[in-house]
Amino acid sequence: MNSIASKFSYKIFKKNLFFKKTSYITPFSTSKPFSSTNTPSNNHPYKHLFTQLDNEQKFYYDLNGLNDPRYYRLPYSIRILLESGVRNWNGKSISENDIETILNWHSTSKTSTEVPFLPARVLLQDFTGVPSCVDLAALRDAMARLGGDPSRINPLVPVDLVVDHSVQVDYSRSLNSLEKNEAMEMTRNSERFSFLKWASKSFDNLLIVPPGSGIVHQVNLEYLARCVFDTKNVLYPDSVVGTDSHTTMIDALGVVGWGVGGIEAEAVMLGQPMSMVLPEVIGFELKGELPLQSTATDLVLTITEILRKKGVVGKFVEFFGGGVRTLSLADRATIANMAPEYGATMGFFPFDEQSIVYLTKTGRNPITIDRMTRYLKKNDLFINYNNNNYNKIEFSDNLFLDLSTVLPCVAGPKRPQDKVLLSDIKHDFQKSLSQPIGFKGYNLKSTTETAKFKYKGQEFELSNGSIVIASITSCTNTSNPNVLIGAGLLAKMATERGLTVKPYIKTSLSPGSKAVTKYLESANLLPYFEKLGFYHAGYGCMTCIGNSGELDSEVTNAINSKKRTNSDSCFIWK
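Note that the working numbering has the sequence shown beginning at 1, numbered continuously upward.
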């Protein structure tokens, strides 16, 4: 499945993403390259670490040159924080004391000690990105009023903005749903998109991915992630903060990243390090392989249940062990994506051979991949599971999971950490209807209420648990080839057996990127989705963030009639 998916990724980005035809927005700005100091100053305390990579005219800070045994005991995620501190030392906002604090992580992480961290780049989606661009424009206005040159106001680190939060499922269950939803998106957001078009042309270091390209986190994974930056011949690890909680998806590729607020993101855009509590790191060892009947979604729900019970809020989780080697990059991305759901700041997978495979499949330059691999290996930032690199690392705490024990499951009815085995879902849901109000209860006095209604000339009945929206969406699921192709095969089997979906259910399909659409087309699975009503509705978050559009009035009226007549027995629907 992965080979089918990866075949298209880079080609689709090059041909479709960059040359999206719209009168509102250019695909990307033609920004100038980010500039940084090529060599450290004479008073830089870590100048002796600055060394050449093999025989190339490429340089980096060699952390092995610290000659400090503490470095080899650090988790890989903390090593990246250390490298950032060493490279960005300025004696003011980042000092030698801060570097020492990170090296002493095993003790300082237990005392809520704050350290500065300057990420390599910032990732925005349009809801939070537009205000950030407005603030930059306001700074330019202020500069002009003061008699300065407004063009000097630019982000000081690379900023990527992906438009994916604006599209809604206004139209569904038809072949032209995609075209009509995108047209409606353009009409609704013409002023916002015109402003973004101006911003893309005006600001340096600002890259804008247009609407209709995909979900920000999948676009970040497939194309935007650098893994290792090469700025003026200086190499350093990619790291990112984003204004969306699921920015953590990029942690699957060995890139440190997590979600922050708009103010923090703007501070980083202006070159200011963010202050963060040096976190504890939970080492999560994975062993074995997933059973054939289980998917990455089953795995991440199992992991979420374990980590919620453990309590990992404000902490890093770093996955390691032989089981990691059996997981594809897409499976790891599913796990990393749900870090907000299991409460961690991020769920991190160090860069390894699977990362190289993914970069190759998504069309990254082979020379660049070779260079970044050599750099990461020389700086002990590359994990080799054959050599048991984790023997020396000391985590704040350790957890363990045998992948072979993971069973098919769902979560709910309200929270992602409330795992329910697929075999138990009916009993669990029926029990929750009468349970006291809480995470697993609705406290309904009558659980057998029904409402009949007519839809397109047919009689239907709603009851508690009736499905009225069914959407194949979210960056967690629609970006994983194994899961999505599996859904397509299930749709194929369903249609071949004559199964159908009730016509009043609002069905939609929102792929994570155009690469996803292409491998579904290649596998000839889209027709089976469509036979069940799951027509392609758009590229974006859509139903996952509440942009599901309106239900048909007949369904809404049936639900509201019960709400009005008896609140103690009102419907709970899915």
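Where a beta carbon is used, it is the ideal one built from N, C-alpha and C, also for glycine. Note that the coordinates shown come from a computational prediction; the quantities given were computed from them, not determined experimentally.
Given Trp105 as reference, the closest of Leu526, Ala491, Ser396 once Cα atoms are compared: Restricting attention to Leu526, Ala491, Ser396, the CA atom closest to the CA of Trp105 is found in Ser396.
Using three-state DSSP, classify Tyr592 as helix, strand or coil. Here the chain has residues from 1 to 574 only, and residue 592 is not among them.
Could you tell me whether the segment 248–263 touches the segment 335–347, using the rule of 3 or more Cβ pairs below 8 Å? yes
Go to Gln218, then tell me how far its alpha helix (DSSP H) extends in each direction, as first and last residue. Annotation for Gln218: the continuous alpha helix (DSSP H) segment containing it runs 216–219.
Between which residues of its own chain and Val234 is the CB-CB distance below 6 Å, once the five residues before and five after are set aside? Phe59
Touching or not, the segment 482–501 and the segment 525–539, by the rule of three or more beta carbon pairs under 8 Å? The answer is yes - the segment 525–539 touches the segment 482–501, with three or more Cβ pairs under 8 Å.
Report yes if the C-beta distance between Val167 and Val219 is below 7 Å; otherwise report no. no
Unbroken stretches of the alpha helix (DSSP H), 4 residues or longer, contained in the segment 249–286: Within the segment 249–286, the complete alpha helix (DSSP H) runs of at least 4 residues are 262–269.
Sub-7 Å separation of Gly323 and Gly288 beta-carbons: yes
Throw me the rounded Cβ distance for the Ser177 and Ala537 pair, which I believe falls under 8 Å. 5 Å between Cβ atoms; contact.
Unbroken beta strand (DSSP E) run spanning Ala296, endpoints: Per DSSP, Ala296 belongs to no beta strand (DSSP E); it is in the alpha helix (DSSP H), 296–310.
For Phe195, report the span of its alpha helix (DSSP H) as first-last. 190–202
Mapping DSSP to helix, strand and coil, what is Phe127? helix
Val256 and Phe348 look like a contact to me (Cβ under 8 Å); what is the Cβ gap, rounded to whole Å? 7 Å
Unbroken alpha helix (DSSP H) run spanning Asp370, endpoints: 366–378
Using alpha carbons as the reference points, say which of Phe117, Gln125, Glu56 lies closest to Ser77. Among Phe117, Gln125, Glu56, the Cα nearest to that of Ser77 is on Phe117.
What does DSSP give as the partner residue(s) for Asn398 in the beta ladder? Gly283
Alpha carbons only, please: which of Tyr455, Asn398, Asn205 is nearest the one belonging to Phe319? Asn398
Which first and last residues belong to the alpha helix (DSSP H) in which Tyr61 is found? Segment 59–61 is the beta strand (DSSP E) holding Tyr61; no alpha helix (DSSP H) there.
Under the three-state DSSP convention, the category Val317 falls into: strand
Is Asp230 helix, strand or coil when you go by DSSP? strand
Under 7 Å between C-beta atoms of Leu329 and Gln354: yes
Are the CB atoms of Val260 and Gln125 within a distance shorter than 7 Å? no
Separation of Asn181 from Pro273, as counted between CA atoms: 40 Å
Determine the burial state of Phe193: buried for a count of at least 16 other Cβ atoms within 10 Å of its Cβ, exposed for fewer. buried
Let me confirm a value: Pro237 is counted as buried when at least 16 other C-beta atoms fall within 10 Å, else exposed. Which label applies? For Pro237, the number of other beta carbons within 10 angstroms of its own is at least 16, and it is reported as buried.
Length-filtered (4 minimum) alpha helix (DSSP H) runs lying within the segment 458–545: 481–496, 514–522, 526–531
Are the Cβ atoms of Cys541 and Asp164 separated by less than 7 Å? yes
Thinking C-alpha only, which one of Ser434, Ser466, Tyr455, Asp135 is nearest Ala267? Asp135
Does the distance from the C-beta atom of Ser434 to that of Pro413 stay below 7 Å? no
For Gly457, count neighbouring Cβ atoms within 10 angstroms of its own Cβ and tell me buried if that reaches 16, exposed if not. Label assigned to Gly457: exposed.
Rounded Cβ spacing between Pro79 and Leu53 (contact assumed at less than 8 Å): The residue you asked about is not Pro; residue 79 is Arg in the sequence shown. With a Cβ gap of about 18 Å, Arg79 and Leu53 do not count as contacting.
Expressed to the nearest angstrom, what Euclidean distance is found between the alpha-carbon atoms of Ser202 and Leu146? 19 Å
So if DSSP puts Arg121 in a beta bridge, which residue, or which two residues, is it bridged to? Val240
For Asp418, three-class secondary structure by DSSP: The DSSP-derived three-state label of Asp418 is coil.
Between which residues of its own chain and Cys409 is the CB-CB distance below 8 Å, once the five residues before and five after are set aside? Hits under 8 Å: Asp298, Leu301, Thr302, Lys419, Val420, Leu421, Leu422.
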